[in-house]
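Residue numbers (my numbering): 6 to 160.
As structure tokens, this is what we get:
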């Protein structure tokens, strides 16, 4: 059975992956965030979601690739990621799939991504049935962004 990740789990996963200090604090769940990653299980249906603002995607992608923070901030001002940051952020999403892993041997993998200006899929017009947790994530030397993680099926 899948569970929603804790702030500590998110902080540990991102700190390890980005190789820099990451602080994570609970945040109020926003209505919708513009960037979406959907995760599927080995049963080949979507089970979890990762929504974020442009700031979270830009700073985590830039920090991972050792791109200067100023490049991430340019993306935030433009309110969209360029193609290279989108590709790098896909790696961040792949790593975040670990947050949904459980002990029953079901593997969770990234199935799709949506970036502005593309609209979110119709299937995401409602909040995930299994709940959502939201965090403000601060990456040392890069800045802050919002992250929401959800379970698509009620538990």
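Ideal Cβ placement from N, Cα and C applies to all residues, glycine included. Values in this document were obtained by computation on a predicted structure and should not be read as measured data.
C-beta contact flag for residue i and residue j at 8 angstroms
i: residue 18; j: residue 111; result: no
i: residue 151; j: residue 61; result: yes
i: residue 138; j: residue 10; result: yes
i: residue 155; j: residue 54; result: yes
i: residue 117; j: residue 38; result: no
i: residue 63; j: residue 80; result: yes
i: residue 14; j: residue 104; result: yes
Own chain, CB closer than 7 angstroms to residue i, minus 5 neighbours either side, in chain order
i: residue 158; result: 52, 134, 135
i: residue 114; result: 44, 45, 102
i: residue 16; result: 27, 28, 29
i: residue 25; result: 68, 144, 145, 146
i: residue 87; result: 80
Among the options, nearest to residue i - alpha-carbon criterion
i: residue 120; options: 42, 13, 113; result: 42
i: residue 85; options: 75, 40, 67, 73; result: 40
i: residue 122; options: 107, 76, 59; result: 59
Other residues of its chain near residue i: CB distance less than 8 angstroms, five sequence neighbours each side excluded
i: residue 69; result: 22, 23, 93, 96, 97
Same chain, Cβ closer than 6 angstroms to residue i, neighbours up to 5 away in sequence not counted
i: residue 71; result: none
i: residue 56; result: 38, 41, 153
8 angstroms contact criterion, which residue i and residue j should meet: CB distance rounded
i: residue 83; j: residue 74; result: Wrong, their Cβ atoms sit about 15 angstroms apart, outside the cutoff.
Three or more C-beta pairs closer than 8 angstroms, one from the segment 126 to 139 and one from the segment 92 to 112: is that the case here?
-> They do not touch, by the three-pair rule.
Stretch pair the segment 23 to 42 + the segment 141 to 151: three plus CB contacts closer than 8 angstroms = When C-beta atoms of the segment 23 to 42 are compared with those of the segment 141 to 151, three or more pairs fall below 8 angstroms, so the two segments count as touching.
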